[in-house]
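Working notes, structure below.
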Amino acid sequence: MSVTIDMERMAPPLEESAAKISVRNFDFYYGDAKVLHGISLEIPDRQVTALIGPSGCGKSTFIRSINRMNDIIPEARATGSIIIDGRDIYGPGTDVVALRRRVGMVFQKSNPFPKSIYDNVAYGLRIGGMRRKRDLDAVVEKSLVRAALWDEVKDRLHASAFALSGGQQQRLCIARALAVDPEIVLMDEPASALDPIATTKIEELIWELKSNYTIVIVTHNMQQAARVSDRTAFFMLGRLVESGDTRNIFMNPQEKMTEDYVTGRFG
Amino acid sequence: MTYAVRRRTISKVAESLCAVAVVLALLPLVLILGYVIAHGLTALNWAFFTQTPKPVGETGGGMANAIVGTLVLIGLAALFAVPVGCICGIHLAEYPTSRFSALVRFAADVLNGVPSIVIGIFAYGIVVLPVKRFSALAGGVALGLLMIPIVVRTTEELLRLVPPGLREGALALGATRTRAVFTVIVPSALPGIMTGVLVATARVAGETAPLLFTSFNNHFWSTSLMQPIASLTVQVFTYAISPYEDWHRQAWAGAFLLVMIILALSIVARLAIRGLERMNRP
Amino acid sequence: MQRHFDRDIEEIKDCLLRMGAMVEDAIMQSIRGLLERDTSLAEEVIANDGRIDQMELEIDRRTLELIAKMQPAAIDLRFVAAIMKITPDLERIADLAQDVCERVIELNREPQIKPMTLIPRLAQEAQAMVRQALDAFVRGDAALARSVIARDDTVDQMTEQSFRELLTYMLEDPRNISRAIRLTFIGKYFERMADGATNICEMVVYLVEGKMIKHAAAPEHE
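Residue numbers (the numbering used here), protein chains in the order written: chain A, 11 to 277; chain B, 19 to 300; chain C, 48 to 269.
Below, the structure written as structure tokens:
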């Protein structure tokens with residue numbers, strides 16, 4: 011399914027926006043069912059943007075649209091644009107494989123490959139063509155350090171990834187995603203399967219990572235969104251109800267629906 | 019009788035019936051093993067493993083060439099069936115709903131049900147007749163055809179069992195679909211796929227009918243794949259229907275050895291799975 | 048959807064209103080004690096101050112518990128912030144009433160300097176502001192709150208005026224000085240009660256509108 015970039019045919023850069031990701035009037039369909047309605051949102055560079063909302067509100071579908079992971083679903087269809095660094099990723103001639111190297115993803119249930127810790131982190135590098143052991147070693151170490159996992163695994167890099175605890179496995183998946191040096195990291199409920207201590211470690215990690223990466227995180231835990239994010243977008247029934255500084259969303263939201271949701275009166 | 023007592027009685031009766039059923043089911047297996055071991059173990063001697071059959075009338079000799087022959091044949095069969103079967107299985111798992119896949123699945127099921135002797139005749143037709151000679155290759159083809167359906171179905175089932183999260187993880191790192199399948203999904207299903215292969219091998223190791231008109235038999239060592247080759251199954255058959263006491267004895271030994279080979283294959287399969295699963299256990 | 052915390056929030060509101068009622072009573076009694084030169088009334092106010100202090104502690108305790116258990120957000124968060132600022136302001140107003148009464152008791156030992164004109168008006172104004180501040184809180188009325196804040200300037204002017212008048216009495220006759228100074232203090236106390244009412248109103252605006260107008264450069268008038 012990979013399409014090489016044809017520079018002539020690629021969508022021309024659209025009007026300037028300071029945002030790293032600019033979503034314009036984005037609709038998403040599963041077959042005939044419309045699941046996202048006219049989403050327009052600006053996601054700034056090097057900040058953490060949290061997507062909150064009740065179950066089934068479309069936030070997971072939306073985040074998976076940013077790296078076009080929804081393409082693997084047979085009846086999925088999208089209209090509108092998602093512009094990353096000035097190029098519409100739903101425009102013609104987009105190389106989806108290259109896109110996914112720039113936009114990494116961490117999933118709700120950690121999914122390490124049945125390989126060693128080293129091979130997990132090196133996977134993305136190897137399929138990208140990196141061969142020399144010295145280079146691989148360096149990047150693997152850097153990624154594990156960045157994911158705050160290096161000290162715990164440096165003596166057993168060739169042990170199976172499944173020997174790690176749940177929280178460590180998730181940090182391994184983060185290291186694996188960071189290894190290919192993406193600019194954007196998408197996280198779909200990264201801590202929801204973890205115990206509180208592991209969750210705190212992941213949250214602190216996100217806080218540190220944002221100085222180098224643009225992070226978009228889906229969470230159903232509102233306090234986590236409040237703790238970790240700079241901006242928050244509230245989704246409901248496939249629509250974007252309100253987005254803004256996290257401070258404002260949690261202290262003084264503009265929309266009644268947003269207020270009802272963050273105060274738990276929703277239901 | 020109170021309700022509680024009646025419940026307990028019914029339970030006891032049911033348990034006893036189950037125990038009886040288990041015994042009845044295991045009995046033939048125990049008897050067969052017992053028979054084979056009893057008759058076969060005594061017939062085993064060093065000559066059996068090192069010598070080829072002696073001409074009619076002479077006592078002694080062994081089945082050395084038949085043992086090697088069986089191993090060669092199942093080796094050839096695996097060489098033929100594993101790549102074809104695995105690729106087939108991968109395609110079925112990747113495109114589960116296409117019409118073509120439905121066709122392939124149906125074909126594999128049908129092939130599975132074809133009597134082994136018919137497969138043998140088919141192999142005779144395409145490999146033996148054109149060159150007008152029996153060969154190990156023909157035997158390998160016949161056994162391979164028998165193995166294919168098992169490998170295909172097992173591969174497909176096991177690939178389906180791989181959690182979809184692994185595929186997503188690979189795709190999200192910028193792997194193309196093919197790469198994701200061959201570098202992540204297939205490796206993670208490998209223990210199971212290997213089981214399938216070993217099970218299929220164990221099955222064909224004991225086949226006789228298809229070998230009768232493909233690899234035929236050979237009293238001597240085979241020197242090329244285009245020559246007939248001896249095999250334990252055919253040799254046991256030949257000796258068993260003969261009138262010679264000595265040959266009967268050797269047939270028992272051969273039968274015993276066959277059973278042991280299949281047992282060994284099963285054990286190897288289990289050990290391999292356990293080793294690989296240690297890498298895989300989530 | 049009703050949440051069980053809503054009941055806790057209502058109870059905290061009730062506590063605050065009961066405390067407010069006690070504070071309003073204290074102010075009223077202190078004014079009467081001043082005007083009627085009634086020492087026993089003044090002593091009663093001083094004695095009751097302890098109960099008001101206890102109410103502050105009770106409200107603090109309940110509010111902290113709510114924060115710990117509920118992790119309030121948006122309007123609930125602003126409610127908690129408002130309560131935690133309004134309660135000590137109310138308690139200080141009560142203390143000021145107590146201070147007024149202490150001066151009244153001292154004044155009553157000597158004859159009056161003059162019939163009081165300004166100070167009672169000042170006192171009534173302060174009392175009204177406190178009552179309206181509490182009303183604004185109950186009703187969530189930001190407009191009312193803003194109007195109370197606007198009245199603070201008037202109170203400041205009246206205090207200044209009263210001080211000037213008392214100054215002349217001090218300059219006239221040195222024997223007036225101690226009584227005049229005590230009266231000046233009383234005026235100051237009422238002025239600070241008005242300031243407290245203003246603070247309460249600023250928090251009401253924050254609660255209702257989410258806007259913080261404390262220490263704003265230009266005063267907000269509706």
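A virtual CB, placed ideally from N, CA and C, is assigned to each residue, including glycine. All of these numbers come straight from a predicted model, not from anything done at the bench.
- In the three-state reduction of the DSSP assignment, ASP98(A) falls in the strand class.
- In the DSSP assignment, SER126(A) is bridged to SER170(A).
- For ASN258(A), no CB of chain B lies under 8 Å from its own CB, so it is not counted at the interface with that chain.
- In this structure, the straight-line span from the alpha carbon of ASP270(A) to that of ARG98(C) is close to 37 Å.
- Residue pairing by DSSP puts ASP255(A) in a beta bridge opposite ARG241(A).
- Residue range 43-53 is occupied by the beta strand (DSSP E) that includes GLU52(A).
- For ASN63(B), there is no enclosing alpha helix (DSSP H), as DSSP marks it with neither H nor E.
- The beta carbon of SER91(A) is closer than 6 Å to those of ARG34, ASP98, TYR100 in its chain, skipping five residues each way along the sequence.
- Classified as buried, ILE93(A) has 16 or more neighbouring CB atoms from the shown chains inside 10 Å of its CB.
- If you draw a straight line from the Cα of THR173(B) to the Cα of ALA96(B), it comes to about 14 Å.
- Close CB contacts of PHE238(B) within its chain, under the 7 Å cut and outside five residues either way in sequence, are with THR70, ASN83 (chain order).
- Between ALA60(A) and THR268(A), the C-beta gap is not smaller than 8 Å, which leaves the two residues out of contact.
- Listed in chain order, the positions of the segment 192-224 of chain B with a beta carbon within less than 8 Å of a beta carbon of chain A are GLY192, ALA193, THR194, ARG195, ARG197, THR201, VAL202, PRO205, SER206.
- Spatial neighbours of ILE114(C) in its own chain (CB-CB distance under 8 Å, excluding positions within 5 residues in sequence) are listed in chain order as VAL127.
- At a Cβ-Cβ threshold of 8 Å, PHE152(B) and THR88(B) do not count as neighbours.
- Around the C-beta of VAL147(C), 16 or more other C-beta atoms lie within 10 Å, and the residue is accordingly described as buried.
- For SER153(B), there is no enclosing beta strand (DSSP E), as DSSP marks it with neither H nor E.
- Under DSSP, TYR40(A) takes part in a beta bridge, and its partners are ALA43(A), ALA86(A).
- ILE233(C) has its alpha-carbon roughly 59 Å from the corresponding atom of ILE212(A).
- If you draw a 10 Å sphere on the C-beta of ILE227(A), you find 16 or more other C-beta atoms in it, and that means buried.
- For GLY243(C), the secondary structure class from DSSP, reduced to helix, strand or coil, is helix.
- Against chain B, the CB of ASN35(A) has no partner CB under 8 Å away; the residue lies outside that interface.
- Assignment of VAL215(B) by DSSP, reduced to helix, strand and coil, places it in the helix class.
- Excluding sequence positions up to five before and after ALA180(C), its CB lies within less than 6 Å of the CB of VAL195, ALA244, ILE247, CYS248, all in the same chain and listed in chain order.
- The alpha-carbon of LEU35(B) is positioned some 18 Å away from that of PRO46(B).
- Taking C-beta atoms as the reference points, GLU157(C) and ARG79(C) fail to come closer than 8 Å.
- In this structure, ASP240(A) sits away from PHE117(A), with a CB-CB distance that is not shorter than 8 Å.
- Here VAL180(B) carries a coil assignment [DSSP, helix/strand/coil].
- Any Cβ of chain B closer than 8 Å to the Cβ of GLY138(A) would place that residue at the interface, and such an atom is present.
- Of all residues in the segment 96-126 of chain C, only GLN118, PRO119, ALA120, ALA121, ILE122, ASP123, LEU124, ARG125 place a beta-carbon less than 8 Å from a beta-carbon of chain A.
- For PRO263(A), the neighbours in chain C by C-beta distance under 7 Å run, in chain order, ALA121.
- Under the Cβ distance rule, ALA141(B) does not count among the residues neighbouring chain A, no pair being separated by less than 8 Å.
- The Cβ of GLU269(A) sits closer than 8 Å to at least one Cβ of chain C.
- Among the CB atoms of chain B, none fall inside 8 Å of the CB of ARG56(A).
- Here VAL74(B) is exposed, its C-beta having fewer than 16 other C-beta atoms within 10 Å.
- Taking a cut-off of 8 Å for Cβ pairs, the segment 100-116 of chain A and the segment 77-90 of chain A touch, as three or more such pairs fall below it.
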